[in-house]
Amino acid sequence: MKICLNQIAKRYQQNWIFKDLSLDIPSGTSLAILGNNGSGKSSLLRIIAAMQTATKGSITYTHNQQNIDSNSLYKQLSYAAVGMQLIEEFTLSELLSFHFSFKKSIHQLTVAEIISILDMKNVQSKLVGDFSSGMKQRIKLAQAIFSDVPVLFLDEPCTNLDETGYALYQSLIQDYASHKLIIVSSNDKAEYHFCEEVIDIKNYK
Numbered sequence: 000m001k002i003c004l005n006q007i008a009k010r011y012q013q014n015w016i017f018k019d020l021s022l023d024i025p026s027g028t029s030l031a032i033l034g035n036n037g038s039g040k041s042s043l044l045r046i047i048a049a050m051q052t053a054t055k056g057s058i059t060y061t062h063n064q065q066n067i068d069s070n071s072l073y074k075q076l077s078y079a080a081v082g083m084q085l086i087e088e089f090t091l092s093e094l095l096s097f098h099f100s101f102k103k104s105i106h107q108l109t110v111a112e113i114i115s116i117l118d119m120k121n122v123q124s125k126l127v128g129d130f131s132s133g134m135k136q137r138i139k140l141a142q143a144i145f146s147d148v149p150v151l152f153l154d155e156p157c158t159n160l161d162e163t164g165y166a167l168y169q170s171l172i173q174d175y176a177s178h179k180l181i182i183v184s185s186n187d188k189a190e191y192h193f194c195e196e197v198i199d200i201k202n203y204k
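Residue numbering for the sequence shown follows numbering that gives the first Met the number 0, beginning at 0 and increasing consecutively.
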């Protein structure tokens, strides 16, 4: 997947969050979007993921030399953000089984294998609603990283994670996502240290 941004801009009421942003993001590369809290980096991430519309500009998506319509882009990407909701009435096993019934898992990993990688076998039959915020964040990362899609979007991916969770995140990226186009919205170097390209939202005010 190649993503090309052409003069992207976003305005809320009379306030321009960012503007005049043009960028080519080649397939298989990694990009970090930096910025302070409230700077607009998450908005830009959602715009690139076709989850939100830009005020001005256009974005083109190309996969296997074919243009991808923004309405079909969801089939090619996975997304993890702190504000995402999980179905808390499901057990961990049920939730992951439900998710991977819609998107294939990378390397054809089974739900049991994914739970083992997450080191969560002891809670696989417990309700997700009873999990801590850090455990829920692990699940959000697992749903995104283990999905067999070419593009991965991560919005402050290590929020609520402890030191062990940070280490797990690093290993998941290295082992299961290094071949993907990855875009990370963050102000924490540990979340995006692997990124080949970096842009700061303040340069597009």
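Built from N, CA and C at the ideal position, the CB exists for glycine as well. Every value quoted in this text rests on a predicted model; they were computed, and no experiment measured them.
- By the neighbour-count criterion, in which a residue is buried when 16 or more other Cβ atoms sit within 10 angstroms of its Cβ, G34 is buried.
- Per DSSP, the beta bridge partners of I58 are L4.
- In the DSSP assignment, I198 falls within the beta strand (DSSP E) that extends over E196 to D199.
- In the displayed model, N63 falls within coil according to three-state DSSP, outside both helix and strand.
- For V110, the uninterrupted alpha helix (DSSP H) segment begins and ends at V110 to I116.
- Between E195 and S29, the CB-CB gap stays under 9 angstroms.
- By the C-beta density criterion, V197 is exposed, having fewer than 16 other C-beta atoms within 10 angstroms.
- Separation of the CB atoms of I46 and I2 is rounded to 11 angstroms, and the pair is thereby denied contact status at 8 angstroms.
- Distance from S21 to L43 at the Cβ level is roughly 13 angstroms; contact not present, criterion being Cβ atoms closer than 8 angstroms.
- Under the Cβ criterion (8 angstroms, minimum of three pairs), the segment 130-142 counts as touching the segment 76-93.
- In this structure, the beta-carbon distance from F193 to S177 falls below 9 angstroms.
- In the assembly as shown, F101 is an exposed residue. Its beta-carbon has fewer than 16 other beta-carbons within 10 Å.
- A check of alpha carbon separations from A79 across W15, F89, D23 and M50 identifies M50 as the nearest.
- With fewer than 16 other Cβ atoms inside 10 Å of its own Cβ, A111 counts as exposed.
- Residue environment analysis places H98 among the buried positions, since at least 16 neighbouring C-beta atoms fall within 10 angstroms of its C-beta.
- By the Cβ test, the segment 144-155 is in contact with the segment 69-77, since at least three Cβ pairs between them sit closer than 8 angstroms.
- Secondary structure of D68 (DSSP, three-state): coil.
- With distances taken between CA atoms, G37 lies nearest to N14 out of I24, E190, N14 and K120.
- Secondary structure of K18 (DSSP, three-state): strand.
- Contact annotation, V81 with T158: C-beta distance approximately 5 angstroms; criterion of less than 8 angstroms satisfied.
- For K40 and S104, the gap between their C-alpha atoms comes out near 28 angstroms.
- Rounded to the nearest angstrom, the Cβ distance from I116 to L95 is 11 angstroms, too far for a contact under 8 angstroms.
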